[in-house]
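Student:
In the numbering used here, the protein residues as written are -7 to 481.
(1) Below 8 Å, how does it come out for the stretch 183 to 203 and the stretch 107 to 127: are there three or more Cβ pairs, yes or no?
(2) Less than 8 Å between C-beta atoms, sequence neighbours within five positions excluded: which residues of the same chain meet that for residue 278?
(3) If I measure Cβ to Cβ from residue 142 and keep anything under 8 Å in the same chain, skipping five residues before and after, which residues do I get?
(4) Does DSSP put residue 246 in a helix, in a strand, or in coil?
(5) Would you say residue 108 and residue 59 are within 7 Å of each other, going by their C-beta atoms?
(6) By DSSP, does residue 366 sit in helix, in strand, or in coil?
(7) Does the distance from the CB of residue 381 to the CB of residue 101 come in under 7 Å?
(8) Nearest CA to the CA of residue 288: which residue from 140, 425, 354, 391?
(9) Given that a residue counts as buried once 16 or more other Cβ atoms are within 10 Å of its Cβ, and exposed if not, what is residue 243?
(10) Which one of 429, 122, 413, 134 has the shortest CA to CA distance from residue 154?
(11) Compare the beta carbon distance of residue 349 and residue 343 with 7 Å and say whether it is the shorter of the two.
(12) Below 8 Å, how does it come out for the stretch 83 to 102 and the stretch 29 to 36: are there three or more Cβ pairs, yes or no?
(13) Please list, in chain order, all residues of the same chain as residue 276 whose beta carbon is under 7 Å from its beta carbon, the five residues on each side excluded.
(14) Looking at the unbroken beta strand (DSSP E) that takes in residue 101, where does it start and where does it end?
(15) Within the continuous beta strand (DSSP E) that includes residue 439, where are the two ends?
(16) Under the three-state reduction of DSSP, which class applies to residue 266: helix, strand or coil?
(17) Starting from residue 27, trace the beta strand (DSSP E) both ways and give me its first and last residue.
(18) Answer yes if the stretch 223 to 232 comes into contact with the stretch 247 to 257, meaning at least three C-beta pairs across the two stretches below 8 Å, and no otherwise.
(19) Can you give me the start and stop residues for the alpha helix (DSSP H) that residue 202 sits inside?
(20) Would residue 469 be called buried (16 or more neighbouring beta carbons within 10 Å of its own) or exposed?
(21) For residue 9, tell me which candidate among 355, 208, 417 has the shortest Cα-Cα distance.
(22) Residue 178: buried (16+ other C-beta within 10 angstroms of its C-beta) or exposed?
(23) Can you list, in chain order, the stretches of the beta strand (DSSP E) that have 3 or more residues and sit fully within the stretch 95 to 147?
(24) Do you know how far the Cα of residue 190 is from the Cα of residue 241?
(25) What is the DSSP secondary structure of residue 34, reduced to helix, strand or coil?
(26) Go ahead and pull the three-state DSSP assignment for residue 458.
(27) Below 7 Å CB to CB, which residues in the same chain sit around residue 29 once its five sequence neighbours on both sides are set aside?
(28) According to DSSP, is residue 307 helix, strand or coil?
(29) Could you tell me which of 135, 447, 339, 157 sits nearest to residue 409, measuring between CA atoms?
(30) Taking only the alpha-carbon atoms, compute the straight-line gap between residue 219 and residue 12 and give it to the nearest angstrom.
(31) Among 274, 455, 357, whose alpha-carbon lies nearest the alpha-carbon of residue 425?
(32) Scan the stretch 351 to 418 and note each continuous beta strand (DSSP E) run of 3 residues or more that stays entirely inside, going in chain order.
(33) Can you give me the C-alpha to C-alpha distance between residue 444 and residue 403, rounded to a whole angstrom?
(34) Considering only C-alpha positions, which residue in the set 223, 256, 236, 463 is nearest to residue -5?
(35) Using alpha carbons as the reference points, say which of 429, 418, 465 lies closest to residue 440.
(36) Return the CA-CA distance between residue 450 and residue 401, expressed in angstroms with no decimal places.
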């Protein structure tokens, strides 16, 4: 099965689709008006210290002050053994920062919804094979490199590049890479950090000291360890810049770049546009006839599995088990495709067999192992739910492409026609008691107006009798269901 990246570029938006086996697995979208800032390094100023929250607000020049928690003012502990990490204690925020203080910080989470960006003082700079940690003195190795021999080899090579400037984390993509490539990466990262230090020394605050790469370059950097067959780009300018970028930083990728010149839009090749639309639906159909219901809220995402039209072939237990197994693959894909993060609660169909539950959990973990974003899965809870987390750094696909519904204002539901009719009738009585009017004119949506003239006409007649005034209904085609006006005449 082939794996490729499709890059679609317009003046206002860049989109990158990851296709594996002819199926869309990930979609990355970057809009010029709303470019993500994760990875950017700023020189900011502490605007407020909040001891009760053990946090501080940092002004880095954005519309909203960014958030820095005391736990994010820590030394590099990513690669230190668990027993050693226990010696690091989170100190009181008032001992760590003070109002008016200048700090060099890095964005770890984009502003999401009403929340400002999340920051850390634990600066890291990534490249193809390494992550540079300024001020650190150790070398860490990605947990995904299984071979102890390879881990030790890489550690010995990279340890030579550590000095007073900092240490390194060895990324998964470095597996099997030679000395020369690692040396180039280390030298590049040190040059980059020197430029950051130089910009910092120029003075001033609320300055960006380092900006993360553009979306196309960032995706190529992150996919360097993947077995990509080709990268197709539909923009000449972007293609040329990627050829230049890969030639300097990842020459093994240059030969995979192709300039797409077909008449058909590039995203039509694998039905990407329709897949994106389907990724915005609550309901996800499974091949067996079962389905998932995915609901994204501020606090968490919930996923419910149902057998639907799938009736199975043997017995109920086997039907439920097979549906749940199939759902694990669909869930793993939807999490990547929709870029869902934070707390995720999965409500599998209840299984009585402990063996079935264990196999479903194993299937989920195996499906999630292909995800480049860090995930953590817990056992089945007492209520039969699986709780998991997926690292969230950027907005989900829904938040990027969608906004609040003007009709329901984000509730996800609208009032029934009957409910709105009764609200109108109560409003007529309220206005009658408060003001002196000869008659009333009601402006309402087509559905509500028609209901007041037909099935609710008896109720309307009773209200007219009660207030002793005529009530006329005027249909407004542009009104939504819940919108109405009661006007005195």
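All residues carry an ideal CB built from backbone N, CA and C; glycine is no exception.
Tutor: With the given structure in hand:
(1) Yes, they touch.
(2) Numbered from its first residue, the chain shown carries residue 278 at position 286. 284, 300, 302, 315, 318, 319, 322, listed in sequence order.
(3) Position 150 of the chain shown holds residue 142. Excluding sequence neighbours, residue 142 sits near 167, 168.
(4) Translated into the one-based positions of the chain shown, residue 246 becomes position 254. DSSP places residue 246 in helix when its eight states are reduced to three.
(5) Residue numbering aside, residue 108 sits at position 116 when the chain shown is read from its first letter. Residue numbering aside, residue 59 sits at position 67 when the chain shown is read from its first letter. Judged by their CB atoms, residue 108 and residue 59 are nearer to each other than the 7 Å cut-off.
(6) Position 374 of the chain shown, counting from 1, holds the residue named residue 366. Correct three-state label for residue 366: coil.
(7) As a first step, residue 381 must be located in the chain shown, where it is residue number 389. As a first step, residue 101 must be located in the chain shown, where it is residue number 109. No, Cβ-Cβ distance for residue 381 and residue 101 is not below 7 Å.
(8) What you label residue 288 is simply residue 296 of the chain shown in a count that begins at 1. Nearest Cα to residue 288 within the set 140, 425, 354, 391: 391.
(9) Translated into the one-based positions of the chain shown, residue 243 becomes position 251. Residue 243 is exposed by the Cβ-count criterion.
(10) As a position in the chain shown, residue 154 is number 162, starting the count at 1. The closest CA to that of residue 154, considering only 429, 122, 413, 134, is found on 122.
(11) Here residue 349 corresponds to residue number 357 of the chain shown, with the count starting at 1. Here residue 343 corresponds to residue number 351 of the chain shown, with the count starting at 1. Cβ atoms of residue 349 and residue 343: closer than 7 Å.
(12) They touch, by the three-pair rule.
(13) Within the chain shown, residue 276 is the residue found at index 284, counting from 1. So the qualifying residues of the chain are 283, 284, 286, 322, 326.
(14) Position 109 of the chain shown, counted from the start, is the residue given in the question as residue 101. Run containing residue 101: 94 to 101, per the beta strand (DSSP E) assignment.
(15) Counted from its first residue, the chain shown places residue 439 at position 447. Careful: residue 439 lies outside any beta strand (DSSP E), inside the alpha helix (DSSP H) at 438 to 445.
(16) Reading the chain shown from its first residue, position 274 is the one you call residue 266. Reduced to three states, the DSSP call for residue 266 is helix.
(17) Along the chain shown, read from residue 1 onward, the residue named residue 27 stands at position 35. Where residue 27 is concerned, there is no enclosing beta strand (DSSP E), given that its DSSP letter is neither H nor E.
(18) The stretch 247 to 257 vs the stretch 223 to 232: in contact.
(19) In the chain shown, residue 202 corresponds to position 210, counting from 1. Unbroken run through residue 202 is the beta strand (DSSP E), 199 to 202; no alpha helix (DSSP H).
(20) What you label residue 469 is simply residue 477 of the chain shown in a count that begins at 1. Answer is exposed; the Cβ neighbour count stays below 16.
(21) Counting from one through the chain shown, the residue named residue 9 turns up at place 17. Comparing Cα-Cα distances from residue 9 to each of 355, 208, 417, the minimum goes to 208.
(22) Sequence index remark: in the chain shown, residue 178 carries index 186 (1-based). Buried, since its Cβ has 16 or more Cβ neighbours within 10 Å.
(23) DSSP runs (the beta strand (DSSP E)) wholly in the stretch 95 to 147: 110 to 112, 122 to 126, 131 to 133.
(24) Along the chain shown, read from residue 1 onward, the residue named residue 241 stands at position 249. Along the chain shown, read from residue 1 onward, the residue named residue 190 stands at position 198. Residue 241 and residue 190: Cα-Cα distance of roughly 23 Å.
(25) Sequence index remark: in the chain shown, residue 34 carries index 42 (1-based). Three-state result, residue 34: strand.
(26) Start at 1 with the first residue of the chain shown, and residue 458 comes out as number 466. In the three-state scheme derived from DSSP, where H, G and I count as helix and E and B as strand, residue 458 is classed as helix.
(27) By one-based count along the chain shown, residue 29 stands at place 37. Once the five neighbours on either side are set aside, the close Cβ partners of residue 29 are 99, 102, 109.
(28) What you label residue 307 is simply residue 315 of the chain shown in a count that begins at 1. Correct three-state label for residue 307: coil.
(29) The residue labelled residue 409 in the question sits at position 417 within the chain shown. Among 135, 447, 339, 157, the Cα nearest to that of residue 409 is on 447.
(30) Along the chain shown, one-based indexing puts residue 219 at 227. Along the chain shown, one-based indexing puts residue 12 at 20. Across the structure, residue 219 and residue 12 are spaced so that their CA atoms are roughly 10 Å apart.
(31) Translated into the one-based positions of the chain shown, residue 425 becomes position 433. For residue 425, the closest C-alpha among the options 274, 455, 357 is that of 455.
(32) Taken in chain order, the whole beta strand (DSSP E) runs of length 3 or more contained in the stretch 351 to 418 are 367 to 372, 378 to 382.
(33) The residue labelled residue 444 in the question sits at position 452 within the chain shown. The residue labelled residue 403 in the question sits at position 411 within the chain shown. Distance between the alpha carbons of residue 444 and residue 403: 25 Å.
(34) On the chain shown, position 3 is the one that residue -5 refers to. From the listed residues 223, 256, 236, 463, the smallest Cα separation to residue -5 is found for 223.
(35) Here the question's residue 440 lines up with position 448 in the chain shown. It is 465.
(36) Here the question's residue 450 lines up with position 458 in the chain shown. Here the question's residue 401 lines up with position 409 in the chain shown. Roughly 31 Å separates the two Cα atoms.
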